[in-house]
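Participant:
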């Protein structure tokens, strides 16, 4: 009986996750316009960013990072409901997230956007 209940819960969760993805559109931000260090702790840096997005109905979705030696590529993604009607002006998206480089040291961060890329150097303690 427990296995049946757990299976139903798991299948329902998977269906809902798939439905949620169909209801939203996810895009790379146009550009990262502001970057601020919130804090560093145990080799992790927490950043606040402000980015340009296609309209103000977009919300923060997720961050993807890729480390190549001492360079870290950061991509910030935003999402919005497909069914939502929104004014067609450039929006601002605030995001707070953490990045954990492989080890402490000096790193060159590249914040990639659809229209503009910004570079910043950080020392990770």
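Residue numbers (my numbering): 4 to 128. Glycine is no exception: its CB is placed at the ideal position from the N, C-alpha and C atoms. These numbers were taken from a predicted model, which means no experiment stands behind them.
As an exercise, report each continuous beta strand (DSSP E) stretch of at least 3 residues that is fully enclosed by the stretch 62-95, in chain order.
Facilitator: Correct list: 62-71 and 74-84.
Participant: By a C-beta neighbour count over all protein chains shown, 10 Å radius and 16 as the cutoff for buried, is residue 75 buried or exposed?
Facilitator: Buried: at least 16 other Cβ atoms inside 10 Å.
Participant: How far does the beta strand (DSSP E) with residue 124 in it reach, from first residue to last?
Facilitator: That run of the beta strand (DSSP E) goes 121-127.
Participant: For the candidate residues 91, 92, 64 and 71, whose alpha-carbon lies nearest to that of residue 80?
Facilitator: Comparing Cα positions, the closest option is 64.
Participant: To the nearest angstrom, how far is the alpha carbon of residue 118 from that of residue 36?
Facilitator: Using only the alpha carbons, I get a separation of about 11 Å.
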